[in-house]
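Notes to accompany the following structure.
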Amino acid sequence: MGEHTLRVPMTLHAENRERLRTRLQAHSNAVAHAPGTVVLLQGGDDTTRYSADAEHVFHQETYFHWAFGVLEPGWYGAIDVNTGRTVLFCPRLPEEYATWMGNIVTPDQYRARYQVDEVRYIDEISDVLRGMTGENGTLLTLRGINTDSGKTTLEAGFDGIGRFQVNNAILHDEMAECRVHKTKAELDVLRFAARVSAAAHRAVMCKIRPGMKEYQLEAIFQHHTYYHGGCRHQAYTNICGSGCNAAILHYGHAGAPNARTVGDGDICLFDMGAEYYCYTSDITCSFPANGKFTSDQKIIYNAVLAASRAVMAAVRPGVSWVEMHRLAYRTMLAALKEAGIVTGDLDDMMKVNLGAVFQPHGLGHLLGLDVHDVGGYLEGNPSRPLRAGFRSLRTARTLEEGMVLTIEPGCYFIDHLLNQALANPEQARFLVPNAIERFRGFGGVRIEDDIVVTADGMEDLSGGTIPRTVEEIESLMAEGQQEDVFVPQLHAEQKLGH
Ligand code: GLY
Ligand code: MN
Ligand code: MN
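Residue numbers (this note's numbering): 105 to 602.
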């Protein structure tokens, strides 16, 4: 996206294709690597607003992007498992495309751009694929269920596929497993996305003033990531909760569109992540709107920070993610006990799962081309745990080098969860009633970082560019308060254009 952004080499995708071929060649089902076996993927299509012709900004289907890096809609791609020969299929565009959309790129130009063996038109797909499979070869297509959305993957189909042997039972798990482990080239892109988002979060912390709207801070973030980082897409719907909204885990949706006025003395929980070249980031910063933590805000913030740092110190290959979730709960509860918010024996608190009262979500998730990345619950891996909080984990896997995850412990005061716990004698005996009442309406704190598991620990993909301690945050915000910030005061007459 230009000189000030990251140049991504097409070899990133060639390497991904090679990794996929290696896995398929080792597959126990001989169909996966028989002569004439060809992986066939279909890319994403343009979509419009319902029946209207206004198009959404195109976003590539992520398995397709992983394999080919094609940025336009309506393509197919094929890989010969045995030879690695790769053919892309592009739409044959009508002449008038040049009038409305710009010059038509030829297949040869595309071949050079995407660095594949050949680019053909989609209307040639049957003949070209028959040439690749021969009479007896098989097309491997992508069919599987995304364990976060419950939705089925986009499986390739075209007029005439009925004349081919098709196997859709092999490819999904093999590709998803490849996507779980990031290459050096992929890590470079993920680091770039994380650092752009980290810088944008810093800009928000510097520019926030009580009296602003939550969405104005979302706007600062989006501007920063696009203007400075070339990030056209955000990785998910931004969550900009201030005050009591900081306890609404998925705040920011259409029914609650980051529209509250930020108050002096509020805690802010801003979960925002930009995406670059389809690679996502997912970062949460929690801080006081006025730049100075109250003593209660400090207690909760430091409890969550302790959980985050304990997990970061323990993460390495061979460690179970479920154990990391447990460690986060235990560390946070120990800090809450120290502050007099809960009381009793820590082991007993863990037995009644008291952590889930304060942090009902999972500790974190795989991150990559999707913000909740694929491969969390593939066959052969540990299945989803049952207990509250743990069951929200998007994976229960043992960590391996090259996995990219978020670490995002949180502590929230959510009325209905507190009421449930107070009504449950098993849990209520650990809650200190006065302290719990004091924190009702407080909101919450989440600290979310993006990390990669290394051979002997982990690396923070932001490169440590996010202020995390109370002192670091207060110091950055104090600097920011020296800046002149334009706070638009929109009056009703202006909005109406008078
Ligand atoms: N922003 C979504 C998440 O943290 O998982
Ligand atoms: Mn997040
Ligand atoms: Mn997350």
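The beta carbon of each residue, even a glycine, is placed where N, CA and C say it ideally should be.
Since this is a predicted model, take the numbers as computed values, not measurements.
- By the Cβ-count criterion, THR242 is buried, with 16 or more other Cβ atoms from all chains shown falling within 10 Å of its own Cβ.
- Under the criterion of beta carbons closer than 8 Å, THR388 and GLU563 do not qualify as touching, at roughly 19 Å.
- DSSP places PHE462 in the uninterrupted alpha helix (DSSP H) bounded by 459-462.
- About 23 Å separates the beta carbons of HIS328 and ALA358, which is beyond the 8 Å limit, so they are not a contact pair.
- With fewer than three CB-CB distances shorter than 8 Å, the region 403-416 does not count as touching the region 446-455.
- In this structure, DSSP gives ASP588 a state outside helix and strand, which the three-state scheme calls coil.
- For GLY333, there is no enclosing beta strand (DSSP E); the residue is part of the alpha helix (DSSP H) that begins and ends at 318-333.
- Following the DSSP letters along the chain, one finds MET114 in no beta strand (DSSP E), marked with neither H nor E.
- With 16 or more other Cβ atoms inside 10 Å of its own Cβ, ALA460 counts as buried.
- Under the three-state reduction of DSSP output, MET376 falls in the strand class.
- In this structure, ligand 1 has no non-hydrogen atom nearer than 6 Å to the beta-carbon of TYR355.
- Taking the Cβ atoms as the reference, ILE404 lies roughly 5 Å from VAL549, within the contact range of under 8 Å.
- By the Cβ test, the region 232-250 is not in contact with the region 202-215, since fewer than three Cβ pairs between them sit closer than 8 Å.
- At the C-beta level, THR251 and GLY480 come within 7 Å of one another.
- Rounded to the nearest whole angstrom, the CA to CA distance from THR256 to VAL135 is 23 Å.
- Going by C-alpha positions, PRO513 is about 33 Å away from LEU124.
- For ALA260 against GLN146, the beta-carbon gap comes to about 4 Å, under 8 Å, which counts as contact.
- Short of 8 Å from the beta carbon of PRO464, and not among the five residues preceding or following it, lie these beta carbons of its own chain, in chain order: LEU353, ALA492, GLY493, SER496, TYR516, ILE518, LEU521.
- Counting C-beta pairs closer than 8 Å gives fewer than three between the region 114-134 and the region 227-235, which falls short of the contact rule.
- Distances from the alpha-carbon of ASP221 to those of PHE172, GLU200, GLU165 put PHE172 closest.
- One thing to note: ASP184 has its Cβ within 7 Å of the Cβ of VAL142.
- By the CB criterion at 7 Å, ILE577 and PHE391 fall inside the cutoff.
- Nearest to GLY584 by C-alpha distance, out of THR115, GLU200, LYS396, MET105, is LYS396.
- Per the DSSP secondary-structure output, TYR225 pairs in a beta bridge with CYS194.
- Each of TYR340, ILE343, ASP375, GLY377, ASP386, THR388, HIS469, VAL475, HIS476, THR510, GLU512, GLU552 has a C-beta closer than 7 Å to some heavy atom of ligand 1; these make up the full list, in chain order.
- GLY479 is bridged by DSSP to nothing; it lacks a bridge partner.
- Per DSSP, the unbroken beta strand (DSSP E) holding SER346 starts and ends at 343-346.
- The alpha-carbon of VAL475 is positioned some 7 Å away from that of ASP386.
- The residue from GLY547, ARG420, ALA439, HIS160 with its alpha-carbon nearest to that of THR502 is ARG420.
- Separation of THR152 and GLU159 (C-alpha to C-alpha, rounded to the nearest whole angstrom) is 4 Å.
- As computed with DSSP, VAL366 is found in no beta bridge at all.
- Scanning the region 229-304 for uninterrupted beta strand (DSSP E) segments of 3 residues or longer gives 242-244, 269-271, listed from N- to C-terminal end.
- At a Cβ-Cβ threshold of 7 Å, LEU275 and LEU233 do not count as neighbours.
- Contact between the region 340-347 and the region 359-368 is present, with at least three C-beta pairs closer than 8 Å.
- Residue burial is scored here from C-beta neighbours: GLU483 has fewer than 16 other C-beta atoms within 10 angstroms and is therefore classed as exposed.
- Looking at the DSSP output, PHE391 shares a beta bridge with CYS372.
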